[in-house]
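Below: the structure, in C-alpha cells.
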Amino acid sequence: MKSSETPLLEVKDLDVAYGTIQSLWNINIKVDRGMCVSLLGLNGAGKSTLLKSIMGFLCPKKGSIIFKGKIINSLEPWQRARMGIIYVPEGRGIFARLTVKENLLMGCYSRKKRAREILREVYRIFPILEEREDQEAGTLSGGEQQMLAIARGLMADPELLMLDEVTQGLAPTLRETIYEKIKEIKDLGITIILVDEYLKKSIEISDYIYLLTSGHIVLEGYSAEIIKDSNFLKKYFGV
Amino acid sequence: MIDIILMGIFVGSIYGMMGLGFSLIFTGIRNLLNLSYGQICILGSCLSLMFVTWLRIDPLLSLVIVLPIVFCIAYIMQYIFLNRVVLKEEHGTALLTTLGLALIIENLLLLGMGPDVVTLSAYASYSLLYIELGSINLPLSYLITFFASLLACIALYVFLKYTYIGRAIRATSESYLHAQLFGVNHKKTFAITFGLAGLMAAMSGIFAGFIYPFTPTYGFYYMEMAFFVLVIGGMGSIKGSFVGGVILGVIRSLACYYLGLPYARFIGNIAILIMLYIKPQGIFGWKV
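Listed in order, the protein sequences are those of chains G and P. End of the first sequence = 239 in the numbering used here, gap-free, step of one. End of the second sequence = 527 in the numbering used here, gap-free, step of one.
Here's what the structure looks like:
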C-alpha cells in the first residue's frame with residue numbers, strides 16, 4: 001500500500017498459537033487511516049484470530065503489532081481499547097441484562113465527556129435503537145442486537161473499528177441494511193477492518209483486501225484489482 | 240405475635256444488607272462465594288468498637304471512619320490476593336483462597352480483641368430508648384438501623400444503575416472479557432466490587448452489633464445468614480436481597496421465640512436446601 005504517512009495499524013511477522021496449536025504464520029498487514037480493509041477467507045482461516053490478537057486477547061509467539069507508530073504487544077485489551085482500537089466481536093457480545101442505552105453508554109466508558117454528542121450521532125445512524133432505548137438488550141431481535149453491537153463500538157469514538165462477522169445469521173435484507181450502516185460509518189472517515197462471509201458486499205465496500213488461507217496471507221491487493229484476478233476464487237476456496 | 244414479626248422485619252433489614260454485599264460479590268466477581276465475607280462484617284464491628292472506645296464517639300459516627308478503612312482493605316484483598324485466582328477457570332483455588340483469608344482475618348481479630356463477647360449497644364446513648372407503636376415497644380436502635388439499611392440498599396441501587404462505574408460493574412459481571420473491549424480495567428472493577436461489598440458488610444456488622452453481642456469467631460455465622468439471603472432472595476437482585484433478609488429476620492424471630500435459637504438456624508439452613516432444589520436462582524434472581 002502506497003502512503004507517505006505512517007499506517008494507523010501495522011502487523012509485522014506475526015505468529016499466533018492457541019497453546020501449542022499454531023493458527024497464524026508470518027502475518028504482515030498495513031492499515032492506513034480512513035481505509036476500509038477486508039480480511040477474507042474460509043472459516044478457520046484465522047481471520048478472527050488475527051483480530052483477537054490485534055485486540056490483545058491472544059499473545060503472539062512472534063512478531064509485533066504497531067498502532068500509531070507504537071508497539072502495543074505488551075498492552076492489555078482494555079488499554080488498547082482506550083487507545084482507540086475498538087473490536088465488535090463475533091457473536092455480538094452485548095450485555096443482555098443492561099438496557100440498550102446502558103449498553104451504548106458502556107461503549108463510551110473511556111470517552112465519557114463526548115457521550116451525549118456521540119449518542120446523537122449514533123441514534124441518527126441507528127434510529128431503531130433510540131426507539132428501544134429502555135429495553136433490556138437481551139430482548140432485542142438478532143438484527144437489532146447486531147446493530148446495537150456496532151453502535152456500541154461507534155460510541156467508543158474509535159480510531160480503528162474492527163467488525164467481526166457482523167452479518168452472521170441474519171436474513172438477506174438485514175445484511176443489506178447492516179452494510180448500508182457500515183458504508184455510513186466509513187463515510188464518517190473511521191478506519192475499518194472488516195471480517196465477513198458475505199463476499200460480494202465486503203469486497204464492494206472495502207478499499208484493500210487480504211485473503212487468508214489456513215493461517216497464511218495468500219493474496220492481497222486493492223479490491224478493484226483483486227476482483228479482476230481470475231485466481232481469486234480459486235485461492236479463496238483453497239483450490 | 241405481631242410484635243415478634245415486626246421485630247423480625249426490622250432486624251431483617253440488616254440481614255438484607257449483609258446478604259446484598261455477599262450477592263454483589265457472587266454476581267459481580269464470576270460467581271465467587273467469598274468465604275471471608277462474614278469476617279469482613281465482624282471486622283466492621285470490631286473496628287467500630289475500637290474507635291468508639293478510643294475516641295468516645297457514637298457507633299453510628301464511627302461509620303465515617305470505619306467504612307473507608309474497610310473499603311480499602313477489601314479493595315486490596317481482591318486486587319492482590321483474589322484477582323489472580325478468580326480469573327482461573329476452576330473455582331476451587333479461589334474458594335480456598337477466600338477461606339484462607341477468612342482464617343487470617345479472624346485470627347488477627349482474636350489477637351487484637353480477644354475472644355470475649357462484646358456489644359456496641361452499650362456505647363450508644365439511645366440504645367435504651369423505645370418507641371411505642373400501639374401495644375408494641377420498638378427499640379429506637381432497631382428503627383434507626385432499619386432506615387439506615389434501607390437507605391444503603393437504595394444508594395447502592397442508584398450507584399449501580401446510574402453511574403459509569405456502576406454500569407461497568409454490571410457489565411463486568413456479565414462478561415469481563417467484553418467489558419474490556421470498552422476500556423474497563425476488569426481487575427480494578429473486581430476490586431471496587433469487593434470494596435462496595437465490604438461497605439455493606441461493615442455496615443451490617445456494625446448495625447448487628449447494636450442488637451446482638453459479637454465476637455471475632457462469629458464470622459462464619461454471619462456468612463451463614465448472608466448465604467440464606469443470597470439463595471432465598473435471589474442472586475443479583477437488590478430488591479431480592481432486602482426481601483430475603485426480611486424473610487430471614489421473621490423466620491429467626493418467630494423460631495427464636497417459640498423454639499429457641501438452634502432451631503432458628505436449623506430452619507434457616509433447611510430452607511436454603513429446599514430453595515436450591517426448587518429454584519436455585521432465588522425468588523427474584525436471574526439464572527447464573
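By construction, the Cβ of each residue, glycine as well, lies at the ideal position given by its N, Cα and C atoms.
- A straight-line Cα-Cα distance of about 13 Å links G/Ser214 and G/Ala17.
- For G/Ala151, the closest Cβ of chain P is not nearer than 9 Å.
- G/Phe95 and G/Ser141 have their alpha carbons spaced roughly 14 Å apart.
- Under a criterion of Cβ atoms nearer than 9 Å, the residues of chain P adjacent to G/Tyr109 are, in order, Tyr403, Arg406, Ala407, Ala410, Ala418, Phe421, Gly422, Val423.
- Counting only residues of its own chain and dropping the five nearest sequence neighbours on each side, G/Glu133 has a CB closer than 8 Å to the CB of Thr99, Val100, Lys101.
- Taking 9 Å as the cut-off between beta carbons, the residues of the stretch 467–485 of chain P near chain G are Gly475, in sequence order.
- Neighbours of G/Lys112 across chain P, judged by C-beta separation under 9 Å: Tyr403.
- Between G/Gly46 and G/Leu24, the C-beta gap is smaller than 9 Å, which places the two residues in contact.
- Where P/His417 is concerned, the enclosing alpha helix (DSSP H) starts and stops at 415–419.
- Taking 9 Å as the cut-off, the beta carbon of P/Val423 is found closer than this to the beta carbon of P/Ala410.
- G/Val31 carries a strand assignment under DSSP once its states are collapsed to helix, strand and coil.
- Chain-ordered, the chain G residues with CB closer than 9 Å to the CB of P/Ser414 read Gly93, Phe95.
- In the displayed model, G/Gln22 falls within a strand according to three-state DSSP.
- DSSP, read as helix, strand or coil, puts G/Pro7 in coil.
- In the three-state scheme derived from DSSP, where H, G and I count as helix and E and B as strand, G/Tyr236 is classed as helix.
- By the beta-carbon neighbour count (other beta carbons within 10 angstroms, threshold 16), P/Asn508 is exposed.
- Under the 10 Å beta carbon count, G/Gln22 is surrounded by fewer than 16 other beta carbons and is classified as exposed.
- Chain P places no beta carbon closer than 9 Å to that of G/Phe126, leaving this residue out of the contacts.
- Of the candidates P/Leu272, P/Ala510, P/Ile490, P/Gly458, P/Gly458 places its Cα closest to the Cα of P/Val356.
- Comparing C-alpha distances from P/Arg269 to each of P/Lys327, P/Cys285, P/Thr384, P/Ala465 shows the shortest one belongs to P/Lys327.
- Proximity of chain P to G/Ala156 at the Cβ level (cut-off 7 Å) is accounted for by Phe421, in chain order.
- Rounded to whole angstroms, G/Leu9 and G/Gln79 show a C-alpha spacing of 16 Å.
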